[in-house]
Amino acid sequence: MGDGRRERVRRFDDLDARVVACRMCPRLVEWRERVGREKRAAYRDEEYWARPVPGFGDPFARVLVVGLAPAAHGGNRTGRIFTGDRSGDWLFTSLHRTGFANQPFSRSRDDGLRLDDMYVAAAVRCAPPDNKPTTAERDNCLPYLVEELDLLRELRVIVVLGGFAYATLARVVPLPRPRPRFGHGVEVPAAGGALTVICSYHPSQQNTFTGRLTEEMFDAVFRRARELTG
Ligand code: SF4
Numbered sequence: 007m008g009d010g011r012r013e014r015v016r017r018f019d020d021l022d023a024r025v026v027a028c029r030m031c032p033r034l035v036e037w038r039e040r041v042g043r044e045k046r047a048a049y050r051d052e053e054y055w056a057r058p059v060p061g062f063g064d065p066f067a068r069v070l071v072v073g074l075a076p077a078a079h080g081g082n083r084t085g086r087i088f089t090g091d092r093s094g095d096w097l098f099t100s101l102h103r104t105g106f107a108n109q110p111f112s113r114s115r116d117d118g119l120r121l122d123d124m125y126v127a128a129a130v131r132c133a134p135p136d137n138k139p140t141t142a143e144r145d146n147c148l149p150y151l152v153e154e155l156d157l158l159r160e161l162r163v164i165v166v167l168g169g170f171a172y173a174t175l176a177r178v179v180p181l182p183r184p185r186p187r188f189g190h191g192v193e194v195p196a197a198g199g200a201l202t203v204i205c206s207y208h209p210s211q212q213n214t215f216t217g218r219l220t221e222e223m224f225d226a227v228f229r230r231a232r233e234l235t236g
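Mind the numbering: the sequence shown is residues 7 to 236 in our numbering, read in order.
Structure below.
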């Protein structure tokens, strides 16, 4: 491993360690730990992660995906973002079809998943009740996203999954004013044209079960991200 690569990995490791130890939002600390103690019946024999969930992927990625927050029995159980829930299945099968992931599933931290040219993070790193973080909780978590953006020097494209992620990103990356409305497939030039933000519906069951988001629509977002990175 070259010195530059080693240093980048070291800085991500340092960031991850600080994220995992974070207890800044009392409501979320209480919730994530309570879910971890009470568990869902199907997972009663598992030890839940029950801590903040750091980002995951290629430290030299040109494409960043920003989701909402870990799912109570998904990332909050497994300790890896979008891992162990249906939204994650949707995301990683699409990333596999479009060449960003080496396998079409994401079940546990040691399942062999590797991402190529892609990094995945959440706007808020602790599972919130009803998947609804407060504005204060979102703002508490923003510095971690800022650090990731700073570390991902090669970044060209940011895919935001849902309106919450889009609004969160708008607080840390300069977007045009007035800010274009969120909609699936909407592209927004950012940071003076250095970045492109692509909006996508979130692969929540609310969207995928109803057909609001189809596999074709989701794949098209990641194919476009690949086009934009040349
Ligand atoms: S949501 Fe973010 S800022 Fe709040 S406790 Fe979790 S990691 Fe810390």
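A virtual CB, placed ideally from N, CA and C, is assigned to each residue, including glycine.
I want to check one thing, is the minimum distance from the CB of M30 to the heavy atoms of the ligand SF4 below 7 Å? To locate residue 30, count along the sequence shown from 1; it is residue 24. At least one heavy atom of the ligand SF4 is nearer than 7 Å to the Cβ of M30, so yes.
_Tell me the residue span of the beta strand (DSSP E) that contains M124._
Position 118 of the sequence shown, counted from the start, is the residue given in the question as residue 124. Run containing M124: 124–128, per the beta strand (DSSP E) assignment.
| request: Could you tell me which of T99, F66, F170, D123 sits nearest to Y207, measuring between CA atoms? | output: For this step, residue 207 is matched to residue 201 along the sequence shown. Closest by alpha carbon: F170.
My understanding is that V15 touches P58, with C-beta atoms under 8 Å, so please give their C-beta distance in whole angstroms. Locating residue 15 in the sequence shown gives position 9, where the first residue counts as 1. Locating residue 58 in the sequence shown gives position 52, where the first residue counts as 1. So it is not a contact: roughly 20 Å between Cβ atoms.
*Beta carbon of R162, beta carbon of R232: below 8 Å?*
In the sequence shown, residue 162 corresponds to position 156, counting from 1. In the sequence shown, residue 232 corresponds to position 226, counting from 1. In this structure, R232 does not lie closer than 8 Å to R162 by Cβ.
For the structure I just gave you, are there three or more beta carbon pairs, one from the region 74–81 and one from the region 133–142, closer than 8 Å?
yes
Query raised in the report: Where does D116 land, buried or exposed, given buried means 16+ other C-beta within 10 angstroms?
Result: Residue 116 sits at position 110 when you count from the first residue of the sequence shown. Looking at its Cβ environment, which holds fewer than 16 other Cβ atoms inside 10 Å, D116 is exposed.
*Would the C-beta of N146 count as close to the ligand SF4, meaning under 7 Å from any of its heavy atoms?*
Position 140 of the sequence shown, counting from 1, holds the residue named residue 146. Checking the Cβ of N146 against the ligand SF4 gives yes.
- Does the region 166–183 come close enough to the region 201–216 to have 3 or more Cβ pairs within less than 8 Å? yes
**Message:** Can you look up F106 in the DSSP assignment and give me helix, strand or coil?
**Reply:** Position 100 of the sequence shown, counted from the start, is the residue given in the question as residue 106. Reduced to three states, the DSSP call for F106 is coil.
- Okay, do the region 145–155 and the region 176–193 touch, 3+ Cβ pairs below 8 Å being the bar? yes
The ligand SF4 and P76: does any heavy atom of the ligand fall closer than 7 Å to the residue's C-beta? In the sequence shown, counting from the first residue as 1, residue 76 sits at position 70. Checking the Cβ of P76 against the ligand SF4 gives no.
Along the chain, where does the alpha helix (DSSP H) that runs through P32 open and close? For the purposes of this step, residue 32 is identified with residue 26 of the sequence shown, where counting begins at 1. Start and end: 32–44.
TODO: Alpha carbon to alpha carbon, how far is D20 from R144? Give it in angstroms, no decimals.
DONE: On the sequence shown, residue 144 is found 138 positions in, with the first residue counted as 1. On the sequence shown, residue 20 is found 14 positions in, with the first residue counted as 1. Cα-Cα distance, rounded: 21 Å.
Is the beta carbon of L234 less than 8 Å from the beta carbon of T202? By one-based count along the sequence shown, residue 234 stands at place 228. By one-based count along the sequence shown, residue 202 stands at place 196. Yes; because the gap between Cβ atoms is below 8 Å, this pair is in contact.
- Query: Taking D64 as the reference, which of L158, V35, P32, E53 has the closest Cα?
  - Reply: For the purposes of this step, residue 64 is identified with residue 58 of the sequence shown, where counting begins at 1. Among L158, V35, P32, E53, the Cα nearest to that of D64 belongs to L158.
Alpha-carbon to alpha-carbon, A200 and R38: As a position in the sequence shown, residue 38 is number 32, starting the count at 1. As a position in the sequence shown, residue 200 is number 194, starting the count at 1. Answer to the nearest angstrom: the Cα atoms are 36 Å apart.
| said: My output table needs one value for T214: the three-state DSSP class, helix, strand or coil. | reply: As a working mapping, residue 214 is identified with position 208 in the sequence shown. Looking at T214 - three-state DSSP - the assignment turns out to be helix.
Please tell me whether Y54 and R17 are closer than 8 Å, where the distance is taken between their beta carbons. Walking along the sequence shown from the start, residue 54 turns up at place 48. Walking along the sequence shown from the start, residue 17 turns up at place 11. Not a contact, by the Cβ cut-off of 8 Å.
Worksheet item: The beta strand (DSSP E) with G10 in it runs from where to where?
Response: Taking the sequence shown and counting its residues from 1, one reaches residue 10 at position 4. G10 -> not in any beta strand (DSSP E); alpha helix (DSSP H) instead, spanning 9–26.
Quiz item: What residues in its chain sit with their C-beta under 6 Å from that of E147, if we drop five residues either side in the sequence?
Solution: In the sequence shown, residue 147 corresponds to position 141, counting from 1. For clarity, residue 147 is Cys in the given sequence; the question names Glu instead. V130, R131, listed in sequence order.
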